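Novice: Protein chains in written order, with this note's numbering: chain A, 1 to 358; chain B, 359 to 435.
The beta carbon of each residue, even a glycine, is placed where N, CA and C say it ideally should be.
Quick caveat, the model's predicted, so the values are computed rather than measured.
#1: Just to confirm, does residue 59/A get its C-beta within under 6 Å of one of the non-hydrogen atoms of the ligand COA?
#2: Measuring straight from C-alpha to C-alpha, what distance separates residue 121/A and residue 352/A?
#3: Residues in its own chain within less than 8 Å of residue 59/A by CB, not counting five upstream and five downstream?
#4: Rounded to whole angstroms, how far is the Cβ of residue 398/B from the Cβ of residue 405/B, which I believe are closer than 8 Å?
#5: Could you name the residues of the same chain whose beta carbon sits closer than 6 Å to that of residue 23/A, not counting the 5 residues immediately before and after it, in chain order?
#6: Name the chain A residues that come within less than 9 Å of residue 425/B, Cβ to Cβ?
#7: Are residue 95/A and residue 158/A closer than 7 Å when you measure CB to CB?
#8: Return the bridge partner residues of residue 353/A from the DSSP annotation.
#9: Starting from the Cα of residue 248/A, find the closest Cα among 180/A, 138/A and 151/A and give me that residue.
#10: On the DSSP letters alone, give me the boundaries of the beta strand (DSSP E) that residue 411/B sits inside.
#11: At the level of alpha carbons, what is the spacing between residue 254/A and residue 90/A?
#12: Does any residue of chain B bring its CB to less than 7 Å from the CB of residue 86/A?
#13: Between residue 385/B and chain A, is there a C-beta pair that is closer than 7 Å?
#14: Answer yes if the region 370-387 of chain B comes into contact with the region 129-147 of chain A, meaning at least three C-beta pairs across the two stretches below 8 Å, and no otherwise.
#15: Would you say residue 177/A reaches chain B, if we count a Cβ-Cβ gap shorter than 7 Å as a contact?
#16: With burial defined as no fewer than 16 other Cβ atoms inside 10 Å of the residue's Cβ, what is the status of residue 346/A: buried or exposed?
#17: Would you please state the rounded distance, in angstroms, between the beta carbons of residue 123/A and residue 171/A? I believe it to be under 8 Å.
#18: Hey, how far is the Cα of residue 387/B from the Cα of residue 132/A?
#19: Considering just the uninterrupted stretch of the beta strand (DSSP E) at residue 152/A, what are its terminal residues?
#20: Does residue 253/A have its Cβ less than 7 Å from a Cβ in chain B?
#21: Assign residue 402/B to buried or exposed, taking buried as 16 or more other Cβ atoms, counted over all protein chains shown, within 10 Å of its Cβ.
#22: Is residue 259/A helix, strand or coil by DSSP?
#23: Count the CB pairs spanning the region 322-335 of chain A and the region 104-120 of chain A that are closer than 8 Å, and state whether there are at least three.
#24: Taking 7 Å as the CB-CB cut-off, is residue 108/A touching chain B?
#25: By how many angstroms is the C-alpha of residue 98/A removed from the C-alpha of residue 126/A?
#26: Between 116/A, 201/A and 282/A, which has its C-alpha nearest residue 191/A's C-alpha?
#27: Tell me, please, whether the CB atom of residue 256/A is closer than 7 Å to any CB atom in chain B?
#28: Residue 284/A bridges to which residues according to DSSP?
#29: With a CB to CB cut of under 6 Å and the five nearest residues on each side skipped, what residues in its chain are close to residue 203/A?
#30: Any beta carbon from chain B within less than 7 Å of residue 336/A's own beta carbon?
#31: Name, please, each residue of chain B whose Cβ falls closer than 9 Å to the Cβ of residue 119/A.
#32: Return the residue from the list 430/B, 409/B and 408/B that minimises the CA-CA distance to residue 418/B.
#33: Could you work out which residues of chain A lie near residue 380/B, taking near to mean beta carbons separated by less than 8 Å?
#34: Is it buried or exposed for residue 434/B, if we count other Cβ within 10 angstroms and need 16 for buried?
#35: Output needed for residue 12/A: all residues of its chain with C-beta closer than 7 Å, excluding positions within five of it in sequence on either side, in chain order.
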């Protein structure tokens, strides 16, 4: 597998050579690519092999997987047909999915994926397409079907691949967050937002609860944002994002820690919004503070013992990118798009996800 | 290693929460979390058996993955 930051012209040459490509980049650049054996999703944020974290509206992040797969087919799904996605994966293969953020397909997948037929029978890895934070209210994230040239605002694009004999695909996640020692939070219904929360079983207005938590925290810090040192609280406020709520909710799924990130500024009347849904009956805790993300991440990388040459795909979360100040910093051999959500069988947040071929 | 039949008690013990193991395979963990919740809401024998069968099938489909083999050994020895 070869992962690289490429220009439009370099990528056009790869497509012309009929390489099988996973591409991420700004929508305007993706739209200029010719038809071919590729799938793409919008984001201007990347973790790159050379520079580490970077923002670019001109460059493309390209993974050439041609030599790693035996066959590959591309299929478009709607929110209604997504329940077929696990069934469509070939035996001894994997599926790579990109879904535009905030689309109905995003909502449907997030809420229902673990209930889809054949869940987990083959690896499903992918990400939620994003936009530049400056464009949040102006531009919709998109995914691209390279075979048809179609740009999709609502739906999912999936590359189903079979592996050569003797090879196996395996998904991994690296989540630096742990459950904190505080209150146990549960919700009365599934959803991307919650007006109320049960705090240790007692019903409360969730926004009021979180405002209280935020006022007790000191999460303010500085970060390098597009080359400029910025106060992160001020930057997030400008972008209408949650301030002082950098730590996600964390659920324990039989030992797998799954984060739910806070999406929008908390509003007492509108409730609290998330990047992934909370589920009724699941017990959540706010994550324990993580003062040194890069350091914590490095320790987890050592423990994973992943060989760089085996990584077919990886992606990280835009919130980790911002909160952990990843611009110009490297996360070892894990490179790829920075997304509005990561998919490792199901939607996860603030988590590095990757697929190895061994 | 053969994957024990869905009627093996260990599958039911996992989905009913009677026994817990430290497992490695991510999809198994996610599925068990969902199945144990489902069984806690509907502990009927039919649902327990269907959940046990679904969990077993996930192992069968992923037997090529080393972590799945390790998890099987953790459960069945």
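Specialist: In this structure, then:
#1: Among the components modelled here there is no ligand, and therefore nothing to report on the ligand COA.
#2: Between residue 121/A and residue 352/A, the C-alpha separation is close to 21 Å.
#3: 5, 6, 7, 25, 29 and 46
#4: At roughly 10 Å, the Cβ-Cβ gap does not stay under 8 Å, so residue 398/B and residue 405/B are not in contact.
#5: 38, 40, 60 and 62
#6: Ordered by position in chain A, the residues that pass the 9 Å Cβ test against residue 425/B are 170.
#7: yes
#8: According to the DSSP secondary-structure assignment, residue 353/A is paired through a beta bridge with 173/A and 315/A.
#9: Distances from the alpha-carbon of residue 248/A to those of 180/A, 138/A and 151/A put 180/A closest.
#10: Here residue 411/B belongs to no beta strand (DSSP E); instead the alpha helix (DSSP H) covers 403-419.
#11: 28 Å
#12: no
#13: yes
#14: no
#15: no
#16: buried
#17: Contact between residue 123/A and residue 171/A holds: CB atoms are separated by about 5 Å, below the 8 Å threshold.
#18: 34 Å
#19: 150-152
#20: yes
#21: exposed
#22: strand
#23: no
#24: It does not: the Cβ of residue 108/A has no partner Cβ on chain B nearer than 7 Å.
#25: 6 Å
#26: Of all alpha-carbon atoms in 116/A, 201/A and 282/A, the one lying nearest the alpha-carbon of residue 191/A is that of 282/A.
#27: yes
#28: 185/A and 251/A
#29: 196
#30: Under the 7 Å criterion on CB atoms, residue 336/A is classed as non-interfacial with respect to chain B.
#31: 385, 388, 389, 392, 412 and 416
#32: Just measuring C-alpha positions, the residue of 430/B, 409/B and 408/B sitting nearest residue 418/B is 430/B.
#33: 255
#34: exposed
#35: 33 and 34
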